[in-house]
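To keep things clear, I will list the structure first and then write my remarks on it.
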């Protein structure tokens with residue numbers, strides 16, 4: 002089932018549309034999930050990339066021990082006469098549904114692509130991405146796409162997750178396909194705006210300038226820390242799940258450190274899952290036509 006935010010153009014006024022004709026922000030900053038940057042090609046990971054592996058990590062750590070616990074408890078009546086056999090169905094009703102749930106989520110993540118990137122070709126004016134319908138590579142002109150800041154999901158007590166999403170529309174403004182750009186951001190309130198909206202606008206403005214400026218020599222090149230790897234070390238996987246906060250504000254830095262300490266165990270599990278996803282999950286392949294247009298540098302299996 003395709004999530005609603007991926008297949009419906011925002012229309013309730015809470016989301017922000019971004020113009021491809023005029024600046025969307027006063028600054029342009031590269032996303033921290035860059036894959037490739039050159040004079041003609043900008044390749045960016047999807048907003049789910051930083052979350053890839055969370056369910057796998059929790060599934061391995063919780064699901065497998067739960068199954069082992071069930072096997073152990075079910076074996077007790079065969080070794081200890083005082084242990085009643087009615088324990089087996091009771092533990093089956095309590096333990097197995099939870100174990101099956103987390104293992105099912107881990108399996109769904111294993112079946113997905115490790116990454117679903119977007120390639121912007123400024124020379125041809127094309128955008129290449131993997132369709133939300135069948136996962137196959139597709140190509141559309143830059144000017145046929147509409148870009149918006151949209152909410153993805155409720156993020157729990159800390160806020161709501163937002164992303165920059167591109168929509169390909171038909172002549173009736175119906176959505177044919179969509180894709181996400183760069184990293185997601187958590188808004189600490191449940192209303193889009195403030196730092197979250199500004200940072201996502203900066204990310205899009207970077208892409209907009211790359212695709213529309215005649216001379217991009219003045220555009221800031223991504224730093225080494227902005228690039229992601231599909232063959233990361235465990236430390237690199239942890240940095241993707243828990244990226245460094247780029248802020249001059251001491252308060253924001255302190256809050257970031259505090260949040261990292263509070264969420265240490267989930268982030269370690271997420272980093273482990275991300276590492277396993279990059280190592281063992283499938284990597285999507287561009288078609289030969291797109292490789293011929295953009296160059297062999299975009300091939301993901303070499304990374």
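In this note's numbering, the protein residues as written are 2 to 304.
We treat Cβ as the ideally placed atom computed from N, Cα and C, and that holds for glycine.
Note that the structure is predicted; figures quoted are calculated from it, not measured.
Between the segment 16-30 and the segment 98-112 there are fewer than three C-beta pairs closer than 8 angstroms, too few to call the two in contact. For residue 275, same chain residues with a beta-carbon under 7 angstroms away, outside a window of 5 residues either side, are 53, 54, 238, 241, 242 in chain order.
Here residue 46 is not near residue 23, since their CB atoms are 9 angstroms or more apart. Here the alpha carbon of residue 288 sits roughly 37 angstroms from the alpha carbon of residue 101.
By DSSP's assignment, residue 11 forms no beta bridge with any residue.
When rounded, the separation of the alpha-carbon atoms in residue 230 and residue 98 is 36 angstroms.
The straight-line gap separating the alpha-carbon atoms of residue 144 and residue 21 is approximately 7 angstroms. A check of alpha carbon separations from residue 6 across 285, 225, 214, 163 identifies 163 as the nearest.
Under the three-state reduction of DSSP, residue 183 is assigned to strand. DSSP, reduced to helix, strand and coil, places residue 210 within a helical segment of the structure shown. In terms of Cβ geometry, residue 96 and residue 68 form a close pair [threshold 9 angstroms].
Across the set 111, 232, 271, the C-alpha of 232 shows the shortest separation from the C-alpha of residue 303. Taking the C-beta atoms as reference points, residue 211 is found nearer than 9 angstroms to residue 121. For residue 228, the closest C-alpha among the options 44, 187, 172, 135 is that of 44.
Under the three-state reduction of DSSP output, residue 147 falls in the strand class. For residue 66, the enclosing alpha helix (DSSP H) has its first and last residue at 65-80. One Cα belongs to residue 196, the other to residue 178, and the distance between them is close to 28 angstroms. For residue 95, the enclosing alpha helix (DSSP H) begins and ends at 88-112.
Secondary structure note for residue 56: its alpha helix (DSSP H) is the uninterrupted segment 55-59. Burial check for residue 185: the Cβ neighbour count within 10 Å reaches 16 or more, so the residue is buried.
Here residue 303 carries a helix assignment [DSSP, helix/strand/coil]. Setting aside the 5 residues that flank it on each side, residue 198 is surrounded in the same chain by 17, 150, each with a C-beta closer than 7 angstroms to its C-beta; the list follows chain order. Per DSSP, reduced to three states, the secondary structure at residue 178 is strand. Your pair residue 86 and residue 74 does not check out as a contact, with CB atoms roughly 12 angstroms apart and the cut at 8 angstroms.
The bridge partners DSSP lists for residue 45 are 35, 119. Residue state for residue 19 is assigned as strand, using DSSP reduced to three classes.
Taking the CA atoms as reference points, residue 35 sits about 33 angstroms from residue 64. DSSP places residue 139 in the uninterrupted beta strand (DSSP E) bounded by 138-142. Around the beta-carbon of residue 204, 16 or more other beta-carbon atoms lie within 10 Å, marking it buried.
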